[in-house]
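Chemist:
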RNA sequence: CCGCUCUUAGCUCAGUCUGGCAGAGCAGUCGACUGUAGAUCGACUUGCCCCCCGUUCAAAUCGGGGAGAGCGGACCA
């Protein structure tokens, strides 16, 4: 695979690359490294799936891919995960991520898993963290994490350490590229500012778009109906998609369309399949799409009606997440211990 | 260590002074209208009023004790 192909593969479905020039330099090297971190907090969902699906692109583009299970971060961020559940949730995240990457057509063996607490408590790391804390203003760290860390009237120290630790993680994991949702932008910009001061390379950053929630607006952690869960059965997926905000002919805030674009088509493409939409004869009969662009064009022209799209997308998405749900149900204790009650 | 303030529906809060059926907005649920959803309209639901004890015919409201949170002061020999 030549550099142009690797570059196209790496940058597709991204919201932003910082910077394109630095990426080109990196691609000239043999095997660059990329990492993405997940704080094991709430149950994983289809939004995570799209970023994990993309890891398959990185692998194919010749990257050495590391997945960080940022367990300490899950607790630092307003104790989203109680300390005593970090083990169980880390296990759950790892299992879920492996199942998703396999579903996306890559092998889980090609991912290197690292848990935050494995190295973030080393004295060398800790000392550097403290030095950074001495050198960084509270406002700077807060601003960096404002899109990631839970905001409140009375913020905890954990929330500011969060940003510093994530910056240090990039260096500790020796990642050339930091990948994550566009919400991570603030933190990685801080990393790019801070790391050179401590003698490290600043990372190239790749950001994924954040998918819209199904109920319009952002996907919400607390709103189950705003997203498809990995263990949702086909009926639940159908139900949620059917309830989804999906204005005819509009792409903005359209979660359904975004699922189709960032998850469905990439997976279908990997499998060499096309997207079939059943449609009653009175509305024009069935449709087949080979690419998202074709589908979007029809949707914009209102040739493709939201109801038909929803029905078909729900079926396909349910099928894609099914093996992930199976893997999670295969070890019932996994979910029970990670999320008691 | 001392003082002051706050705690009421899923969320944001009113009500407490002056005791008398537990409230509003948002969210949610259900209908109507759309070949989806949303918007709109109509209807509906939601409670350990932080906990315990006391006063009273009657306590979210008054008194005492406690818990959690916030703020301020003091200490800095």
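In the working numbering, the protein residues as written are 696 to 1036.
Virtual Cβ for every residue (Gly too), placed ideally from N, Cα, C.
Quick caveat: nothing in here was measured; it's all calculated off a predicted structure.
(1) According to DSSP, is residue 729 part of a helix, a strand, or is it coil?
(2) So is residue 1041 buried or exposed if we call it buried at 16+ other beta carbons inside 10 Å?
(3) So residue 859 packs on residue 836, CB below 8 Å; how close in whole Å?
(4) Return the Cβ separation of residue 959 and residue 1008 in integer angstroms, given the expectation that the two are a contact with Cβ distance under 8 Å.
(5) In this structure, what does DSSP give as the bridge partners for residue 901?
(6) Kindly list the residues whose CB is nearer than 8 Å to the CB of residue 999, restricted to its own chain and excluding five residues on each side of it in sequence; keep chain order.
(7) With burial defined as no fewer than 16 other Cβ atoms inside 10 Å of the residue's Cβ, what is the status of residue 977: buried or exposed?
(8) Please state whether DSSP places residue 912 in a helix, a strand or coil.
(9) Excluding sequence positions up to five away, which residues of its chain have a Cβ less than 8 Å from the Cβ of residue 933?
(10) Rounded to whole angstroms, how far is the Cβ of residue 899 from the Cβ of residue 760, which I believe are closer than 8 Å?
(11) Please report the Cβ distance between residue 878 and residue 905, rounded to the nearest whole angstrom; I am assuming they are in contact, meaning their Cβ atoms lie under 8 Å.
(12) Grouping DSSP H, G and I as helix and E and B as strand, with all else coil, what is residue 697?
(13) Please state the DSSP three-state secondary structure of residue 785.
(14) Under the three-state reduction of DSSP, which class applies to residue 907: helix, strand or coil?
(15) Taking 6 Å as the limit between beta carbons, can you name the residues of its chain near residue 805, skipping five residues before and five after?
(16) Under three-state DSSP, which class holds residue 840?
(17) Check whether the stretch 771-781 touches the stretch 707-725, counting contact only when three or more Cβ pairs, one atom from each stretch, lie closer than 8 Å.
(18) Please state the DSSP three-state secondary structure of residue 1034.
(19) May I ask which residues mark the beginning and end of the alpha helix (DSSP H) holding residue 1024?
(20) Less than 8 Å between the CB atoms is what I'm expecting for residue 781 and residue 769, so what's the real figure, rounded?
(21) Could you spell out where the beta strand (DSSP E) holding residue 957 opens and where it closes?
(22) To which residues of the same chain is residue 845 closer than 8 Å at the C-beta, ignoring the five residues directly before and after it?
(23) Once you ignore the five residues that flank residue 870 on each side, which residues in its own chain have a CB closer than 7 Å to its CB?
(24) Residue 925 and residue 1020 look like a contact to me (Cβ under 8 Å); what is the Cβ gap, rounded to whole Å?
(25) Using 9 Å as the threshold, is the C-beta distance between residue 862 and residue 890 below it?
(26) Name the two residues that bound the continuous alpha helix (DSSP H) containing residue 814.
(27) If you count every other CB in all the chains shown that lies within 10 Å of the CB of residue 815, and 16 or more means buried, which is it?
(28) Which term fits residue 921, buried or exposed, when burial requires 16 or more other beta carbons within 10 angstroms of its beta carbon?
(29) Relative to the C-alpha of residue 974, which residue among 1002, 954, 966 is closest?
(30) Nearest-angstrom Cα distance between residue 887 and residue 726?
Modeler: Reading it off the structure:
(1) Of the three classes helix, strand and coil, the one that applies to residue 729 here is strand, per DSSP.
(2) Since the first residue of the chain shown is 696 and the last is 1036, residue 1041 is not available in this structure.
(3) About 6 Å separates the two Cβ atoms, so the contact holds.
(4) Contact between residue 959 and residue 1008 holds, since their C-beta atoms are separated by about 7 Å, short of 8 Å.
(5) Paired residue(s): 712, 874.
(6) If the five residues before and after residue 999 are omitted, its C-beta is found closer than 8 Å to the C-beta atoms of 972, 982, 990, 993, all from its own chain and listed in chain order.
(7) If you draw a 10 Å sphere on the C-beta of residue 977, you find fewer than 16 other C-beta atoms in it, and that means exposed.
(8) Looking at residue 912 - three-state DSSP - the assignment turns out to be coil, as it is neither helix nor strand.
(9) So the qualifying residues of the chain are 1006, 1009, 1010, 1013.
(10) Incorrect: roughly 14 Å between the Cβ atoms, too far for contact.
(11) About 6 Å separates the Cβ atoms of residue 878 and residue 905, confirming a contact at the 8 Å cut-off.
(12) Note: residue 697 maps to coil in three-state DSSP.
(13) Three-state result, residue 785: helix.
(14) In this structure, residue 907 counts as strand in the three-state DSSP scheme.
(15) Cβ within range, chain order: 754.
(16) Residue 840: helix per DSSP, three-state reduction.
(17) Inter-segment contact for the stretch 771-781 and the stretch 707-725 is absent: fewer than three beta-carbon pairs are separated by less than 8 Å.
(18) Here residue 1034 sits in coil by DSSP.
(19) Counted as a single uninterrupted DSSP element, the alpha helix (DSSP H) harbouring residue 1024 occupies residues 1001-1025.
(20) Between residue 781 and residue 769, the beta carbon gap of about 6 Å places them in contact (Cβ cut-off 8 Å).
(21) Note, residue 957: premise wrong, no beta strand (DSSP E); not H, not E.
(22) The answer, listed in chain order, is 772, 773, 775, 854.
(23) Result list for residue 870: 728, 729, 730, 761, 898, in chain order.
(24) The C-beta separation of residue 925 from residue 1020 comes to about 6 Å, placing the pair in contact by the 8 Å criterion.
(25) Residue 862 places its beta carbon less than 9 Å from that of residue 890.
(26) In the DSSP annotation of this structure, the continuous segment of the alpha helix (DSSP H) that includes residue 814 starts and ends at 811-814.
(27) Residue 815 comes out buried.
(28) When all chains shown are included, residue 921 counts as buried.
(29) Among 1002, 954, 966, the Cα nearest to that of residue 974 belongs to 1002.
(30) Note on geometry: alpha-carbon atoms of residue 887 and residue 726 lie some 21 Å from one another.
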